[in-house]
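Shown next, in structure tokens, is the structure this report addresses.
2 protein chains.
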Amino acid sequence: MAVASDSSENFADQLITTIHRKNSCVVVGLDPHFKLIPDAVKQKFLTIQKYSLEYAARVILEFNIQVIDFIAPLVGIVKPQIAFYELYGWWGVWAYAETIKYAKEKGLIVIGDVKRGDIPSTAEAYAEAHIGEVHIDNVVETPFAADAITINPFLGTDSLLPFIQTAKKHNKGIFVLVKTSNASSGEFQDLMCGSKKLHEIIAEKTRELGKDLTGKYGYSAIGAVVGATFSQEVSALRKIMPASYFLIPGYGTQGATAKDIKCCFNQDGLGAIINASRSILYAYNVSPWKERYGVNAWKDASREAVIKMNEELREVNR
Amino acid sequence: MAVASDSSENFADQLITTIHRKNSCVVVGLDPHFKLIPDAVKQKFLTIQKYSLEYAARVILEFNIQVIDFIAPLVGIVKPQIAFYELYGWWGVWAYAETIKYAKEKGLIVIGDVKRGDIPSTAEAYAEAHIGEVHIDNVVETPFAADAITINPFLGTDSLLPFIQTAKKHNKGIFVLVKTSNASSGEFQDLMCGSKKLHEIIAEKTRELGKDLTGKYGYSAIGAVVGATFSQEVSALRKIMPASYFLIPGYGTQGATAKDIKCCFNQDGLGAIINASRSILYAYNVSPWKERYGVNAWKDASREAVIKMNEELREVNR
């Protein structure tokens, strides 16, 4: 039976409890790529008007359900990237919502990778949509109900506060984009503003905003997205924000290795969760799994890829 | 009959043709606030399970349809803010998609205020979702089909290019966040990076990226979001990016006046479109319309508010 994290606890505590229980800091990125989803999954929906947005969305949800079923014993956290659902219109967003619901039923922590950011009144709507609740006259609904989301800090503190306040109210988590993993991330994020880089200033602000949401392990529910592809910056950020959990993308397909990951963790072996998406979901299509498993054994390939990633990351923290 | 803009033309040309035809540079922000939607609109849906996300979404769509019907003779551009739709989950996103479809049927230009921004492969999915097309095996669908969207530049050039390339391919438009209208916008956007402010550097980059998409009136399909609440910055930006269309939020509720707006335009009277949302949609609830019209005459109040805004902005450019 799935053991759900205790949502009456600070998000950072829920996260750490889950990491300990699963002995895994892996985040599986649920990024559906329709073309790469095995035909065996698609077969089931051939009665639906084929090649419609509905068809794609139903295939995606079924794929995610199958993935969640076999990864749930191995990892504690998943991260659907909403862009790959919006790609299929509102049907895709339906699949996003249903994926979150199913993952939570299986006891997983769900980070919605939505990177939202807007002026205060609009940020409040996003916060309520993704980690809060909406009041429709006298009824309360939780539209997406993720456990945490990623947000974009470009608009400044007043745009971040609605997310942080909503997180505080509902014991949810936030990961602020501080230093992203893409090749151009330095273009603006590394600009020197006086004696500091822009991303360092954002890191300091994120740390301050998160102080009020510190849990029993000493970590804040307000974390940061930090690209593992830039190990020098990661090491500096680790010092600036020791109590912030880092959500690290870029393991696997984006090029970061276990060696690059070492500097993401604190001495206590905590402080970072590491995401891989394509290298797990479509492992059947990636070496060395490609050579060992065909597409029909895609689940075995993915399971092996998760087990190997868990082992590599445990080795980093040994 | 609605005259749709010619989608075989550069987006800036479509925009200017529409502005000339309607003699209006007003953008009506379609930001549904459920509480403020008149009961008369809600009545129609009482047979649906009341106070569900579906109920809210159907009320919102009906409200938007009624708004679009009476504003379409007066203005040429609408801007739904997707946050206020996501607030009602995937049902809300359905209302967002249907709102865009209906507005386009009525010949309006639709700017999706989505403020997306992500690493390149993800940005590509967002671009295809909102202004492009998706291939589901051998079938092509256009999930949201807005004419333009707003995007967030924080991740740098490689995160902007997928949007710009998609805009170029499909004759769509982009408005890059350069200097936002919220009170904290200066916190990061005004930081001095060497001899320039961050938002000036982003303005220069946006100008460069837009050069390749210049239309017959000399304006680019790649514009900028610039808050009218900061008139000094707007004047400086007008000089840095003379060929970029400015999408100006903050008229009405956010505090900018016609006087603040003057510096947004070029000498040719072009170069800016001005958004108002709450002050139009819920004019029945705002002075001076509140005193003249009750909630039952909400459409008259809104229509008057649009007419007055059109007149004020024509006066600015006289």
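In the order they appear, the protein sequences are chains E and D. Start counting at 1 in the first sequence, then tack on 745, and there's your number in my numbering. Start counting at 1 in the second sequence, then tack on 745, and there's your number in my numbering. Ideal Cβ placement from N, Cα and C applies to all residues, glycine included.
Since D:A969 and D:S989 should fall inside the 8 Å C-beta cutoff, what is the C-beta to C-beta distance between them, to a whole number of angstroms?
Counting from one through the second sequence, the residue named residue 969 of chain D turns up at place 224. Counting from one through the second sequence, the residue named residue 989 of chain D turns up at place 244. With a beta-carbon spacing of about 5 Å, D:A969 and D:S989 fall inside the 8 Å limit used to define contacts.
E:G992, enclosing beta strand (DSSP E) - first and last residue:
Position 247 of the first sequence, counting from 1, holds the residue named residue 992 of chain E. Looking at the sequence shown, residue 992 of chain E is not Gly but Leu. In the DSSP annotation of this structure, the continuous segment of the beta strand (DSSP E) that includes E:L992 starts and ends at 989 to 993.
Same chain, Cβ closer than 6 Å to E:M746, neighbours up to 5 away in sequence not counted
Counting from 1 along the first sequence, the entry for residue 746 of chain E is found at position 1. Since pLDDT at E:M746 reaches only 44, below the 50 mark, its modelled position is unreliable, and no value is offered.
Cβ pair E:A966, E:A891 closer than 8 Å:
One-based indexing of the first sequence puts residue 966 of chain E at position 221. One-based indexing of the first sequence puts residue 891 of chain E at position 146. E:A966 is not a Cβ neighbour of E:A891, given a cutoff of 8 Å.
E:K860 at chain D interface by Cβ criterion, 8 Å:
Translated into positions along the first sequence, residue 860 of chain E becomes position 115. Closer than 8 Å: yes.
Would you mind sorting E:G774 into buried or exposed? The rule is 16 or more other CB atoms within 10 Å of its CB.
The residue given as residue 774 of chain E occupies position 29 in the first sequence. By the 16-neighbour rule on beta-carbons within 10 angstroms, E:G774 is buried.
Name the one or two DSSP bridge partners that E:Y965 has.
Against the first sequence, residue 965 of chain E aligns to sequence position 220. Before going on, a small fix: residue 965 of chain E reads as Ser here, not Tyr. Among the bridge pairs identified by DSSP, E:S965 is matched with E:T959, E:S989.
Can you give the Cα-Cα distance for D:Y1027 and D:R1037, rounded to whole angstroms?
Here the question's residue 1027 of chain D lines up with position 282 in the second sequence. Here the question's residue 1037 of chain D lines up with position 292 in the second sequence. Here the C-alpha atom of D:Y1027 lies approximately 13 Å from the C-alpha atom of D:R1037.
I'd like to know if the segment 912 to 925 of chain E and the segment 753 to 769 of chain E are in contact, where contact means that at least 3 CB-CB pairs between them fall below 8 Å.
In this structure the segment 912 to 925 of chain E lies against the segment 753 to 769 of chain E, because at least three pairs of beta carbons, one per stretch, are closer than 8 Å.
Near-chain E residues of the segment 922 to 943 of chain D (beta-carbon distance less than 9 Å), N- to C-terminal order
Within the segment 922 to 943 of chain D, the residues whose Cβ lies closer than 9 Å to some Cβ of chain E are L922, T925, S926, N927, A928, S929, S930, G931, E932, F933, Q934, L936, M937, C938, G939, L943, listed in chain order.
Anything in the segment 833 to 859 of chain E with a Cβ closer than 9 Å to a Cβ of chain C? List those residues in chain order, please.
Looking for chain C here will not work: the only protein chains present are E and D.
Run through DSSP, which three-state label would E:K860 get?
Residue 860 of chain E sits at position 115 when you count from the first residue of the first sequence. DSSP places E:K860 in the strand class (E or B) of the three-state scheme.
Are D:G995 and D:A1003 touching if we call contact CB-CB under 8 Å?
The sequence position of residue 995 of chain D within the second sequence is 250, counting from 1. The sequence position of residue 1003 of chain D within the second sequence is 258, counting from 1. Remark: C-beta atoms of D:G995 and D:A1003 do not approach each other more closely than 8 Å.
Establish whether the CB of D:M746 and some CB of chain E are separated by less than 8 Å.
By one-based count along the second sequence, residue 746 of chain D stands at place 1. Bear in mind that the predicted position of D:M746 carries a pLDDT of just 44, short of 50, making it unreliable; the figure below should be weighed with that in mind. No, D:M746 lies away from the interface with chain E (no Cβ there is under 8 Å from its Cβ).
Beta-carbon proximity list for D:V786, same chain, < 8 Å, skipping 5 on both sides
Translated into the one-based positions of the second sequence, residue 786 of chain D becomes position 41. Take D:V786, set aside five residues on each side of it, and the residues of its chain with a beta-carbon closer than 8 Å to its own are V804, E807, F808, Q811, in chain order.
By the three-class DSSP mapping on this structure, what secondary structure does D:C1008 have?
In the second sequence, counting from the first residue as 1, residue 1008 of chain D sits at position 263. Of the three classes helix, strand and coil, the one that applies to D:C1008 here is helix, per DSSP.
When Cβ atoms are compared, which residues of the segment 876 to 887 of chain E fall closer than 8 Å to chain D?
Considering only beta carbons, the part of the segment 876 to 887 of chain E lying closer than 8 Å to chain D consists of V879, I881, D882, N883, V884, E886, in chain order.
Between D:I864 and D:S904, is the Cβ-Cβ spacing less than 8 Å?
The sequence position of residue 864 of chain D within the second sequence is 119, counting from 1. The sequence position of residue 904 of chain D within the second sequence is 159, counting from 1. For D:I864 and D:S904, yes; Cβs fall inside 8 Å.
Can you confirm whether D:G901, when its beta carbon is compared against all beta carbons of chain E, has any partner nearer than 8 Å?
In the second sequence, the residue the question calls residue 901 of chain D occupies position 156. Yes, contact with chain E.
Would you say E:N1073 lies against chain D (beta-carbon separation less than 8 Å)?
Outside the shown range of chain E (746 to 1063) lies residue 1073 of chain E, about which nothing can therefore be said.
Can you tell me whether E:F789 is helix, strand or coil according to DSSP?
Position 44 of the first sequence, counted from the start, is the residue given in the question as residue 789 of chain E. Residue identity differs from the one stated: residue 789 of chain E is Lys in this sequence, not Phe. In this structure, E:K789 counts as coil in the three-state DSSP scheme.
Option nearest D:R1048 by Cα separation, candidates D:V771, D:I816, D:P825
In the second sequence, the residue the question calls residue 1048 of chain D occupies position 303. The shortest Cα separation from D:R1048 among D:V771, D:I816, D:P825 belongs to D:I816.
Under 8 Å, with one C-beta from each stretch per pair, do the segment 820 to 839 of chain E and the segment 860 to 874 of chain D reach the 3-pair mark?
Output reads yes: the segment 860 to 874 of chain D touches the segment 820 to 839 of chain E.
Closer than 8 Å is the cut-off here; do at least three beta carbon pairs connect the segment 761 to 771 of chain E with the segment 789 to 805 of chain E?
With the rule of 3 Cβ pairs closer than 8 Å, the segment 761 to 771 of chain E does not count as touching the segment 789 to 805 of chain E.
So what does DSSP say about D:F920, is it helix, strand or coil?
Taking the first residue of the second sequence as position 1, residue 920 of chain D is located at position 175. Three-state DSSP puts D:F920 in a strand.
Tell me, please, whether the CB atom of D:L798 is closer than 8 Å to any CB atom in chain E?
The residue labelled residue 798 of chain D in the question sits at position 53 within the second sequence. Yes, contact with chain E.
Residue interval of the beta strand (DSSP E) (run including E:K1044)
Mapped onto the first sequence, residue 1044 of chain E falls at position 299. Where E:K1044 is concerned, there is no enclosing beta strand (DSSP E), although the alpha helix (DSSP H) it sits in stretches over 1043 to 1061.
Taking the Cβ atom as the reference point for each residue, do D:D858 and D:Q826 lie within a distance shorter than 8 Å?
Translated into the one-based positions of the second sequence, residue 858 of chain D becomes position 113. Translated into the one-based positions of the second sequence, residue 826 of chain D becomes position 81. In terms of Cβ geometry, D:D858 and D:Q826 form a close pair [threshold 8 Å].
Show which residues of chain D have a CB atom less than 7 Å away from the CB atom of E:Y871.
The residue labelled residue 871 of chain E in the question sits at position 126 within the first sequence. Within chain D, the residues near E:Y871 are A828, E831.
Coarse secondary structure for E:T974, derived from DSSP in three states:
Counted from its first residue, the first sequence places residue 974 of chain E at position 229. E:T974 falls in the coil class under three-state DSSP.
The segment 1011 to 1029 of chain D contacting the segment 1051 to 1063 of chain E, beta-carbon criterion three pairs below 8 Å:
Touching, no, given that fewer than three Cβ pairs across the two stretches are closer than 8 Å.
Can you say whether E:G1039 is buried or exposed, counting buried as having 16 or more other CB atoms within 10 angstroms of its CB?
Within the first sequence, the letter at position 294 stands for residue 1039 of chain E. E:G1039 is exposed by the Cβ-count criterion.
Beta strand (DSSP E) containing D:K824: first to last residue?
Taking the second sequence and counting its residues from 1, the one referred to as residue 824 of chain D is at position 79. For D:K824, the enclosing beta strand (DSSP E) covers residues 822 to 825.
Could you tell me if E:E1056 is buried or exposed, where buried requires 16 or more neighbouring beta carbons within 10 angstroms of its beta carbon?
For the purposes of this step, residue 1056 of chain E is taken as the residue at position 311 of the first sequence. It counts as exposed.
Three-state secondary structure assigned by DSSP to D:Y871:
In the second sequence, residue 871 of chain D corresponds to position 126, counting from 1. Assigned with DSSP and collapsed to three states, D:Y871 falls in helix.
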